[in-house]
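*Asks:* Before I ask anything, here is the structure I am working with.
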Amino acid sequence: MDLDLSDDQQLLRDTSARFIEDRCPLPHVRELAASADGVDPTYGRQAADLGWYSLLVDEEHGGGSVSGKSFADAAIVALERGRYLQPGAFVPGNVVAWALAHYGNDEQQAKVLPAVIAGERVATWAAADSSGSWEPGAGATVEPTGSGLRLAGAKGLVQDAHLAEWLLVTAASPTGLTQLLVPAGAPGVEIVRLDGLDITRRFCTVRFSGVELTPADVVGELGGAAAGIDREMQVAAVLTLAESIGAMDQDFTVALDYAKVRTAFGRPIGSFQAMKHMLADTSLLLESSKAIVTAAIEALDEEAENAAEVVSMAKAYVGDSAIELAQNCFQTFGGIGFTWEHDQHLYLRRLTADSSLYGEPAWHRERIWQLYGL
Amino acid sequence: MDLDLSDDQQLLRDTSARFIEDRCPLPHVRELAASADGVDPTYGRQAADLGWYSLLVDEEHGGGSVSGKSFADAAIVALERGRYLQPGAFVPGNVVAWALAHYGNDEQQAKVLPAVIAGERVATWAAADSSGSWEPGAGATVEPTGSGLRLAGAKGLVQDAHLAEWLLVTAASPTGLTQLLVPAGAPGVEIVRLDGLDITRRFCTVRFSGVELTPADVVGELGGAAAGIDREMQVAAVLTLAESIGAMDQDFTVALDYAKVRTAFGRPIGSFQAMKHMLADTSLLLESSKAIVTAAIEALDEEAENAAEVVSMAKAYVGDSAIELAQNCFQTFGGIGFTWEHDQHLYLRRLTADSSLYGEPAWHRERIWQLYGL
Amino acid sequence: MSANDLEEYRLTARKWLEGNLERRDPDVGPSLRGVDHKTVEGIALERVIQRKVFDAGYAGITWPTEYGGQSLTPAHEAVFNEESRPFRTADFGVAGGTTMGVCARTMLVHASPDFLRRHIPRILAGEELWVQFFSEPGAGSDLAGITTRATRDGEEWILSGSKIWSSGAYYADYGMCLSRTDWDVPKHRGLTWFGVKVDLPGVTVQPVREINGDAEFCQEFFDDVRLSEADVIGEVNRGWTVAQTMLVFERGGSDSGEVRPRPTRPKGLAPDLVALARRAGRDKEPYVRQQVARAHINDFAAAQLARRVGGLIRTGRGNPAGVASYGKLATGTFGALRARIGMEIGRGGALVWEPGQLDGMAPSVTYLNGRLGGIAGGTNEMQRNGIGERVLDLPREPSFDTNRPFNEVVRAAANWTGATGSA
Amino acid sequence: MSANDLEEYRLTARKWLEGNLERRDPDVGPSLRGVDHKTVEGIALERVIQRKVFDAGYAGITWPTEYGGQSLTPAHEAVFNEESRPFRTADFGVAGGTTMGVCARTMLVHASPDFLRRHIPRILAGEELWVQFFSEPGAGSDLAGITTRATRDGEEWILSGSKIWSSGAYYADYGMCLSRTDWDVPKHRGLTWFGVKVDLPGVTVQPVREINGDAEFCQEFFDDVRLSEADVIGEVNRGWTVAQTMLVFERGGSDSGEVRPRPTRPKGLAPDLVALARRAGRDKEPYVRQQVARAHINDFAAAQLARRVGGLIRTGRGNPAGVASYGKLATGTFGALRARIGMEIGRGGALVWEPGQLDGMAPSVTYLNGRLGGIAGGTNEMQRNGIGERVLDLPREPSFDTNRPFNEVVRAAANWTGATGSA
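Residue numbers (this note's numbering), protein chains in the order written: chain A, 1 to 374; chain B, 1001 to 1374; chain C, 2001 to 2423; chain D, 3001 to 3423.
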């Protein structure tokens, strides 16, 4: 997507692509989709060795980018992941790593962050409520008790919570938005595995029935997490966008090839103007999506003043474009796209899920007005 | 549009079509568009002789349908009018006639209604406010004074107010919605002629600066006009829909013919799949619009319980479809459609105006929820 | 035939039904999935019921006695249908409809008397269920472009190739199979239909798992399957004529222009979508309300369009197959839009559900099925061609496959350059 | 050339400018209408200014001295452009740009020395304004399909036909006119360019009134206009080569792949639409906010796409003309959508305005112009073909007009059947 990769970035891309090809190509993705956990335990650790969970963390905390542009680097990995619909909580895991590096207390940074970066433990982010609202803190509240804090409510769309050691939970508190690093095994935490449209990933609902926590479990300031949560949403959105671009690119490439070789009425179907024009429009969706995601990545790397707006624009634009692209590819494949054995539906499922995760297009459109104070 | 016209209805259609062809074909429509008043004075009287303003009025009040289905009959006329973008306040004039026949007091029915039916005087309907809101009573209020009533505010999108003798004005009163038949020349009434996108019709803003009226000017009950205004909106919408269908049909017919004769790259452009498929989609818009408008007309003629819903569905559907049709026809014509001398822009202007008049699509979509009490 | 005769027929039928069939359980509604999944064991029970009906003379009421029918009038058939409605008659699922409504009817028009004597009585007796072996993995929109081949070998034919999208083939007895028997003539002229018993050596029937989880369709593989001359349906190399008859029956004779009843007024505002919006807590959000209303209005527009299309055919105002494409195209475009609106208003909450929670799963299943109307049974593109050329009379698409031998067409398509011969 | 030379050139130029031209009035902004309307009288005043510049040796700075230029370097030209920016130089409107940027440059590549000696000095002196006579009422997308004919008559040529969409022709002196000179060869091979003086007998120039009220374009009619051999530009029947050069200049050399600067971050939320929503009292309505944000996002996406296209060209990742179609198609589709969103949020209130109220009129004018990007300078359909075939490498559309004599193409198109010859 980025037209000017450095040598180090190319290396990152190539090693990631080769790892995916060897370790988890689409046939294996299908196996995992049919498995109980949805991802195998060693995959995350091996991926971590390639740096997948350290790119957004500064060197001081044990991470490091390859180019100095950490989001550009992470997006390179995300794109390759998206291309072959990789499982695992890459996006929320990186959000947690980023959040702990920025806001975590010493103990969180010393004990949790290294395990996450090394892929030894899974940490995931619980930001939405179970209706799919991404309003900050939706679904959960935390209140001070005598000596500690009590967390209640439910969070939805928590990826791989069933495998997680820790959950970074956003919640409303009487003094404002708060983030908490909650051990997944803490008393009162109930994790419900869900089925879903996107069979290449696993999501859970996590219920908190008066979970007792201490101030040491707070990430950042109690009541002071608004800015952090906003930035984490941007991080999550941009990584998801990069994964979407990879999936869009691959889905389109396969559909385009099919239009060149499939014949009907004595011609390749891609020679029919109806098909050709649909594919041209689809290609425009893909190129403009790449362009706007590039802008979003740069906005984060440059800490642009209007980064939130640019990310929201990209998430809204690509959220709609990706679904249209996947639907157009489906139309290109015709009947074969209805068969389970064809990969088209996996891309449709994934891209449709990506469109809603970390804010659906309509939510981001409304948010742009709010960012302008309008 | 209606597939089963009676002999009498066919006669109505043919005489209306012939009148339009003789009296006001498109070149004359263009002349009128460039004139000060936008319509010539004798046209309305001659049209009235064909029954254009009497179809929605029962025989007791000097009117009469030709088939017993008054809306079907009026729609026949409206469709032929729309086909050649006829000027004049046919829609609001018929709304006033319908309203006076249903709710007018004896004097209104004896003095005003016959003049309207005969086309001797113009009466028009002032329902929207000047921002284009069609919420009942928008823009104007009427309050009791000692002996009479005082009307204040401004109404927008009042067609041919500059030619009108009477204005049927909807307004809010302390006791509810009210309709008033206001002489256009009454003190305090200011009529401002407007320019507009649709050059084939004229709209005005009408301002009321404390216009003094009497209870005899009320149409129906003071504060009791809610149901009447709702039904008048339905009448106005259905007649506008029928005019739109006529304009859509004609615009499409001309574009289709063009696609058959215009050649490029050694072929008629209509043989290119891109053009053929766009025209097929456009034809689907036209046929489905005809179908849904037919349902709306029937709902009014049969006084169906859900007539309001059906009319709103039709207005929303056709309001979007008509613009898409006109834009697709424009794309078919290519550059020639940008020239003033080509009629395409007149249809685009007209259909775009029709889409907003008497409630734009989004307004009617929201209204459907409200009709269900949701 | 007098009214008395019919009344007597009715009473006799009623008596027989009461004495021989069970009453239908009114509580058994349609299944939750789109298609009722049949099993071979279940079908065996249905065959027993059908046999009773056949033996009593109530199968093939209007069909020739020569082939096991009763040669009675459509009025008799209507009477029996009315009387038998409360009773538990045989339900062969989708293959039952194909057998009686499509295959047998097509056979009656085109097959030889020998063929009909051999198969129709068994069909009426519930001993033979037939499905279509028609579409192929490589030939969907271009049905006449099939490449399953049947080659003459002395008195026999050898069939090889593959068919797909045959509904219910996994429990059927026979497939009516279109194959290419002459490759040296234009594509419509070298086709022949065969009756293929599904348990013949070389026939493999596999269910096709669909993206929505169903597996009602099958794919068949023919590996040098030996057929006899007696298996030919219609004339050799005249199969396209047979196919056209079949397509008319497949459309359910909708070309007949019968008056459709007025579509029911909408029964509430898009109930599934309103429920979904409520579950998401979004039914008061203006944007959500816009989208739901859009879908509701499109539903109504499609219903009114169907009525109008019926009227156009009835009043002779359009090529029936052409104007029928309006309805299909509306379904194909509105369906995908509506499915997407469901996911949009359900947003994240519609992506996931607790295992087994059917209403949570519904928007996703609808979404996955959303493009079905735009592809199956004729793609949107085919409908647009049909409307463009048959209804709007637009100039034709250049044709590259109608005037030359099919084997040349195949070759030329693989080496496409876009060049047309200089004049 | 040393830096000193350039610096001296700069000082001399500055001195001349200060002594001879007026300073530009900073308050005169662009006019409210899209195009600044020129008059013949106004142009005469501009000619006087240009003559001064020419006489002082500042016209055609990089062009050959042989044709009235100065044969200096692009660096000299850049210096003069910098220095002259604050001064009131000649403004010939759109025809000025066409004359210098497109026509003269094309001539310098293709015209004979005689032709250049006759015309280029006069162009530089402001005595000749040239426009393109290229598109025709019957040939827009298919530019090589023009039918204006030039027929040889002894030493002369006789021109007849019509051209349209020539910008500013009503105040120009010459048109560079493409005509068909051989009808018996394929369409690209029988074309010839002529210089046509607009006041020749038989030439009629008429403004084309546009739907937005403007009249900057013209249509020309040629009624047996007599031209000489000396009016030919380039070689007879090789006009398509000339046309291709011209099209490159017309695109402003955007094929060069120069690095585009990062597009500015959006300066506020679609200010025109937000203002419109406010005037309508609707800026708090969620549905309106969705639509405005949609337009705003599309604007940003289009800007980022333009940047990406520049990058693709720069890094050699795509056929330049092909990938440039992305930008054009985005403009052509987003533009119409945005214009419609304006009317939608303005609803009834945007349909009308008090006479002379420009902000009230603006949404309607934008709306009427909304399809311009999808048609003018290459329709959306042409861009989709370009992307499909040049970028995506999809199999070509069958061609019916490239391999046979043009007169046959015309005949065949009029009698189109869609049949292609049997092989």
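All C-beta atoms in this analysis are idealised placements derived from N, C-alpha and C, irrespective of residue type, glycine included.
A quick note: this is a predicted structure, and the numbers were derived from the prediction, not measured.
Can you pull the chain A residues whose beta carbon is under 7 Å from the beta carbon of histidine 1277 of chain B, in chain order?
*Replies:* Ala274
*Asks:* Find the nearest neighbour of phenylalanine 2300 of chain C within the set B:Gln1109, B:Leu1167, B:Val1095 and B:Ala1316, judged by alpha-carbon distance.
*Replies:* B:Ala1316
*Asks:* Sorted by chain position, which residues of the same chain lie with C-beta nearer than 8 Å to alanine 2144 of chain C's C-beta, five sequence neighbours on each side aside?
*Replies:* Lys2187, His2188, Leu2191, Trp2240 and Ala2243
*Asks:* In chain order, what residues of the same chain lie with their CB nearer than 7 Å to the CB of asparagine 1157 of chain B, ignoring the 5 residues before and after it?
*Replies:* Checking the displayed sequence, the identity of residue 1157 of chain B turns out to be leucine instead of asparagine. So the qualifying residues of the chain are Ala1128, Gly1132, Phe1203 and Leu1357.
*Asks:* So lysine 155 of chain A and valine 169 of chain A are in contact, right, with Cβ under 8 Å, and what is the actual spacing, rounded?
*Replies:* 6 Å between Cβ atoms; contact.
*Asks:* At 8 Å on the CB atoms, spell out the chain D contacts of proline 1268 of chain B, in chain order.
*Replies:* Ala3413 and Trp3416
*Asks:* Counting Cβ pairs, one atom from each stretch, are 3 or more of them under 8 Å apart for the region 331–343 of chain A and the region 253–273 of chain A?
*Replies:* yes
*Asks:* Quick one: list the residues of chain D neighbouring alanine 2419 of chain C, beta-carbon separation under 9 Å, in chain order.
*Replies:* Arg3396, Pro3398, Ser3399, Thr3402 and Asn3403
*Asks:* Apart from the five residues on each side of it in sequence, which residues of its chain come closer than 8 Å, Cβ to Cβ, to arginine 2278 of chain C?
*Replies:* Within the same chain, arginine 2278 of chain C has no close Cβ partners at all.
*Asks:* Comparing C-alpha positions only, which one of C:Trp2416, C:Asp2091 and C:Trp2130 sits nearest to threonine 2106 of chain C?
*Replies:* C:Trp2130
*Asks:* What's the call for arginine 1018 of chain B, buried or exposed, on a 16-neighbour Cβ count within 10 Å?
*Replies:* By the neighbour-count rule (16 or more Cβ atoms within 10 Å), arginine 1018 of chain B is not buried but exposed.
*Asks:* Within the same chain, show all residues whose beta-carbon is closer than 8 Å to that of serine 3162 of chain D, passing over the 5 residues directly before and after it, in chain order.
*Replies:* Contacts found: Glu3136, Pro3137, Thr3148, Gln3219, Glu3220, Phe3221 and Phe3222.
*Asks:* Work out the CA separation of tyrosine 2067 of chain C and proline 2121 of chain C for me, nearest whole Å.
*Replies:* 5 Å
*Asks:* For aspartate 3401 of chain D, which option in C:Asn2403, C:Ala2412, C:Asp2393 and C:Ala2419 has the closest C-alpha, if you only look at C-alpha atoms?
*Replies:* The shortest C-alpha separation from aspartate 3401 of chain D is found at C:Ala2419.
*Asks:* Where does glycine 210 of chain A land, buried or exposed, given buried means 16+ other C-beta within 10 angstroms?
*Replies:* exposed
*Asks:* Using the Cβ count rule (16 or more neighbours within 10 Å means buried), how would you classify glycine 139 of chain A?
*Replies:* buried
*Asks:* Taking only three categories from DSSP, how would you classify phenylalanine 3115 of chain D?
*Replies:* helix
*Asks:* Please classify isoleucine 2233 of chain C: does DSSP put it in a helix, a strand, or coil?
*Replies:* strand
*Asks:* Run down chain B in chain order and give the residues with a C-beta less than 9 Å from the C-beta of aspartate 2283 of chain C.
*Replies:* In chain order: Trp1369 and Leu1374.
*Asks:* If you drop the 5 nearest sequence neighbours on each side, which residues of the same chain put their C-beta closer than 6 Å to that of glycine 3234 of chain D?
*Replies:* His3110, Trp3193 and Val3242
*Asks:* Which residues, taken in chain order from the region 3283–3307 of chain D, show a beta carbon closer than 8 Å to some beta carbon of chain C?
*Replies:* Glu3285, Pro3286, Tyr3287 and Gln3290
*Asks:* Under DSSP, the beta strand (DSSP E) around glycine 153 of chain A begins and ends at which residues?
*Replies:* 149–159
*Asks:* Pick out the complete alpha helix (DSSP H) segments inside the region 2024–2107 of chain C, 4 residues or longer, and give them in chain order.
*Replies:* 2040–2055, 2074–2084 and 2093–2097
*Asks:* Taking the CB atoms as reference points, tell me whether alanine 72 of chain A and aspartate 249 of chain A lie closer together than 8 Å.
*Replies:* no
*Asks:* Rounded to the nearest angstrom, what separates leucine 3017 of chain D and phenylalanine 3087 of chain D at their Cα positions?
*Replies:* In a straight line, the C-alpha of leucine 3017 of chain D is about 7 Å away from that of phenylalanine 3087 of chain D.
*Asks:* Would DSSP call glycine 3146 of chain D helix, strand or coil?
*Replies:* First, the residue type needs correcting, since residue 3146 of chain D is isoleucine and not glycine in the sequence shown. Collapsing the DSSP output to three states places isoleucine 3146 of chain D in coil.
*Asks:* In this structure, how does DSSP classify arginine 3384 of chain D when only helix, strand and coil are distinguished?
*Replies:* helix
*Asks:* Are the C-beta of tyrosine 2326 of chain C and some C-beta of chain B separated by less than 8 Å?
*Replies:* Interface flag for tyrosine 2326 of chain C against chain B is set, since a Cβ pair is found closer than 8 Å.
*Asks:* For leucine 1213 of chain B, collect the residues of the same chain with a Cβ closer than 8 Å to its Cβ; drop the 5 residues on either side in sequence, then sort them by chain order.
*Replies:* Val1142, Gly1148, Leu1149, Arg1150, Leu1151, Leu1180, Val1182 and Ala1186
*Asks:* Per DSSP, which one or two residues make a beta bridge with phenylalanine 2221 of chain C?
*Replies:* Looking at the DSSP assignment, phenylalanine 2221 of chain C forms a beta bridge with C:Ser2162 and C:Thr2204.
*Asks:* Given a cut-off of 8 Å, decide if glycine 3377 of chain D and threonine 3333 of chain D are closer than it, judged by their beta-carbon atoms.
*Replies:* no
*Asks:* Consider the Cβ of valine 3352 of chain D: report whether some Cβ of chain B lies at a distance smaller than 8 Å.
*Replies:* yes
*Asks:* Using only alpha-carbon positions, find the residue among B:Ser1289, B:His1102 and B:Leu1284 that is nearest to glycine 1062 of chain B.
*Replies:* Ranking the options by Cα distance to glycine 1062 of chain B, first place goes to B:His1102.
*Asks:* Since I believe leucine 2159 of chain C is in contact with leucine 2227 of chain C (beta carbons under 8 Å), could you give me their beta-carbon distance rounded to a whole number of angstroms?
*Replies:* 6 Å
*Asks:* Around the C-beta of lysine 111 of chain A, are 16 or more other C-beta atoms found within 10 angstroms, so that it is buried, or is it exposed?
*Replies:* exposed
*Asks:* Give me whichever residues DSSP pairs with methionine 2176 of chain C in a beta bridge.
*Replies:* C:Gln2132 and C:Gly2195
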